[in-house]
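Trainee:
Residue numbers (the numbering used here), protein chains in the order written: chain A, 178 to 396; chain B, 8 to 265.
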């Protein structure tokens, strides 16, 4: 094991980790936005949009991110639509994540008993208020475990961004292996880098889940 | 003598969920300060009738008037109408993520725009009267079924509704908790509240009702004072229904014990 090599390239990994986490966060943000919208469309059974949401979820969940990225990066330019690598990465991750987040939100929304809505309506709340004060707070906290799992999943998925020539963690590791044949060192650093990124998120998520369980509503 | 003021008028109400009628030509008036108890076998449309009154169900024909105004039109502003109609449901319907006080104050503060301090003081007064003041910061999961239902009643009452609807509010409770809920309702009836109650508690019905409405197969078969209904029901159907609540045990006196 070449420690000198490892120390020398730590800054490169840190920079790559920054890119990984940066793209991951932006992707997660849009995933949450898409997910919440899609789940609400399905919850309220909005005609037409409901259909589109259903097709989107199937399409997104049943195609690999790698294939989605190839389509965006190599396929669309043939039709004259060209995105930068970064844009492709974010669009791809959001497209994938949106459906997973939608399912997490949906499971939370579906867990709320109908009588909650009815009793809120019966004290005179308007539909929007019922959603805001009664349904969403409960549904969101029930969705948290699913949402956290999805966030970790999405950050891990960023490892395929290297195909877009983005200098993320995976790309840097492959690059170093290709240049110097320091396979062991490069891969060790790769594993550690992902752990350093994801372990805190994972710990925070289980802490949050525990807190929510203690504050749990259960009748 | 001045005729009693009609608060709620139900005229020729028809309700159909799509597989046969649930309510057939139901007409019923409820006067101010009157307690009407609706009884009948399961699935006879009792709950549906209450749910139609506060717009939780669409009706097919007929109309419902509150204070002389038709409330079953497309343009009905239900959020306004429902402030005048308090409803308590069978299943515990408190909002589990809010404390008792927050449950009670949601309506007054968000719907009626009342001052929080003033509404809270009133909530505490009512909670004290029903012996739940020490639970004001508790979450619903920390309450017993009976306590939850009493809080649900307070939550409806604080809106100062003109009429209260009770949909089998003790049906999901353990027997020893039924009483505390019924006592609150009796208290309300005594204080002159207008109430429509769906219940299977016959003794309670007899004690609280000004009028009993017997519903079967989506039709009102009988309307009478509790005294007459429970002692001399007019229809055979009502007789048979009431018989299911009494137990006769006959055995030979002086017979040998086995």
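Even for Gly, the Cβ is constructed at its ideal location relative to N, Cα and C.
Quantities reported herein were computed from a predicted structural model and do not represent experimental measurements.
CB residue 270/A to CB residue 334/A, shorter than 8 Å?
Mentor: Cβ atoms of residue 270/A and residue 334/A: closer than 8 Å.
Trainee: Helix, strand or coil, according to DSSP, for residue 173/B in the structure here?
Mentor: Strand, per DSSP.
Trainee: For a cutoff of 8 Å on Cβ pairs, would you count residue 202/B as touching chain A?
Mentor: By this cut-off, residue 202/B is not an interface position.
Trainee: Quick check on this structure: which residue in 234/B, 186/B, 135/B and 176/B has the alpha carbon closest to the alpha carbon of residue 54/B?
Mentor: The candidate whose alpha carbon is nearest that of residue 54/B is 176/B.
Trainee: Can you tell me which of the three DSSP states residue 218/B falls into?
Mentor: The answer is strand: DSSP assigns residue 218/B an E or B state.
Trainee: Measuring CA to CA, which of 340/A, 264/A, 323/A and 241/A is closest to residue 279/A?
Mentor: Nearest C-alpha to residue 279/A: 323/A.
Trainee: Can you look up residue 333/A in the DSSP assignment and give me helix, strand or coil?
Mentor: Three-state result, residue 333/A: helix.
Trainee: Quick check: is the beta carbon of residue 63/B nearer than 8 Å to any beta carbon in chain A?
Mentor: Yes, its Cβ sits closer than 8 Å to a Cβ of chain A.
Trainee: Examine chain B for any beta-carbon lying closer than 8 Å to the beta-carbon of residue 286/A, and answer yes or no.
Mentor: Answer no: the Cβ-Cβ gap between residue 286/A and chain B never drops below 8 Å.
Trainee: Touching or not, the stretch 155-171 of chain B and the stretch 130-144 of chain B, by the rule of three or more beta carbon pairs under 8 Å?
Mentor: The stretch 155-171 of chain B is in contact with the stretch 130-144 of chain B.
Trainee: Measuring alpha carbon to alpha carbon, tell me which of 224/A, 214/A and 277/A ends up nearest residue 239/A.
Mentor: Nearest C-alpha to residue 239/A: 277/A.
Trainee: Is the shortest distance between the beta-carbon of residue 188/B and the beta-carbons of chain A less than 8 Å?
Mentor: Not one chain A Cβ lies under 8 Å of residue 188/B.
Trainee: For residue 118/B, return the contacting residues in chain A, with the cut-off set at a CB-CB distance below 9 Å.
Mentor: Residues of chain A passing the Cβ test: 300, 301, 302, 303 and 306.
Trainee: Identify every residue that forms a DSSP beta bridge with residue 202/B.
Mentor: Residue 202/B is bridged to 42/B and 171/B.
Trainee: I want to check one thing, is the minimum distance from the CB of residue 40/B to the heavy atoms of the ligand GDP below 7 Å?
Mentor: The ligand GDP is not part of the structure shown, which contains no ligands of any sort.
Trainee: Roughly how far, in whole angstroms, is the beta-carbon of residue 249/A from the beta-carbon of residue 265/A, given that I think they are within contact range, below 8 Å?
Mentor: Rounded, the Cβ-Cβ distance is 4 Å, consistent with contact.
Trainee: Mind listing, in chain order, the continuous alpha helix (DSSP H) runs of no fewer than 4 residues lying wholly within the stretch 292-338 of chain A?
Mentor: For the stretch 292-338 of chain A, whole alpha helix (DSSP H) runs of length 4 or above, ordered along the chain, are 313-334.
Trainee: Anyone know if the C-beta pair for residue 69/B and residue 222/B falls short of 8 Å?
Mentor: The answer is no: Cβ separation not under 8 Å.
Trainee: Can you tell which of 287/A, 247/A, 387/A and 301/A has its C-alpha closest to the C-alpha of residue 268/A?
Mentor: Here the closest residue by C-alpha is 247/A.
Trainee: What's the call for residue 396/A, buried or exposed, on a 16-neighbour Cβ count within 10 Å?
Mentor: Only weak support is given to the placement of residue 396/A: the predicted model assigns it a pLDDT of 40, under 50, and the question is left unresolved by the model.
Trainee: On the three-state DSSP scale, how would you describe residue 98/B?
Mentor: Coil, per DSSP.
Trainee: Does DSSP classify residue 11/B as helix, strand or coil?
Mentor: Looking at residue 11/B - three-state DSSP - the assignment turns out to be coil, as it is neither helix nor strand.
Trainee: State the DSSP-derived secondary structure class of residue 351/A, mapped to helix, strand or coil.
Mentor: It is helical.
Trainee: Measuring only the C-alpha atoms, how far is residue 350/A from residue 253/A?
Mentor: Roughly 28 Å separates the two Cα atoms.
Trainee: Run the CB neighbour count on residue 182/B, radius 10 Å, all protein chains shown included, and call it buried at 16 or more, exposed below.
Mentor: Answer is exposed; the Cβ neighbour count stays below 16.
Trainee: Less than 8 Å between CB atoms is the rule here; does residue 20/B satisfy it with respect to chain A?
Mentor: Chain A contact via Cβ: absent.
Trainee: Are there three or more Cβ pairs, one per stretch, closer than 8 Å when the stretch 222-231 of chain B is compared with the stretch 26-35 of chain B?
Mentor: Enough Cβ pairs lie closer than 8 Å, so yes.
Trainee: Compute the Euclidean distance between the alpha carbons of residue 119/B and residue 166/B, then round it to the nearest angstrom.
Mentor: Cα to Cα, the separation comes out at about 8 Å.
Trainee: So is residue 310/A in contact with chain B if we call contact Cβ pairs under 8 Å?
Mentor: Yes - at least one Cβ of chain B is within 8 Å of the one on residue 310/A.
Trainee: Start and end of the alpha helix (DSSP H) containing residue 125/B?
Mentor: From DSSP, the alpha helix (DSSP H) with residue 125/B extends over 123-136.
Trainee: Where residue 223/A and residue 305/A are concerned, what is the direct C-alpha to C-alpha distance, given to the nearest angstrom?
Mentor: Rounded to the nearest angstrom, the two C-alpha atoms are 15 Å apart.
Trainee: Exposed or buried, which one is residue 27/B when buried takes at least 16 other CB atoms within 10 Å?
Mentor: Exposed is the call here.
Trainee: At 7 Å on the CB atoms, spell out the chain B contacts of residue 296/A, in chain order.
Mentor: What residue 296/A touches in chain B: 96 and 100.
Trainee: Which residues, in order along the stretch 133-162 of chain B, keep a beta-carbon less than 8 Å from a beta-carbon of chain A?
Mentor: Those would be 146, 147, 148, 159 and 162, in chain order.
Trainee: Taking its Cβ as the centre, do 16 or more other Cβ atoms sit within 10 Å of residue 179/A, making it buried, or is it exposed?
Mentor: Exposed, since its Cβ has fewer than 16 Cβ neighbours within 10 Å.
Trainee: Please go through the same chain and pick out, in chain order, the residues whose beta-carbon is closer than 8 Å to the beta-carbon of residue 8/B, but skip the five residues on each side of it.
Mentor: The predicted model places residue 8/B with a pLDDT of 39, which falls under 50 and marks its position as unreliable; any figure quoted below should be read in that light. No residues qualify anywhere along the chain.
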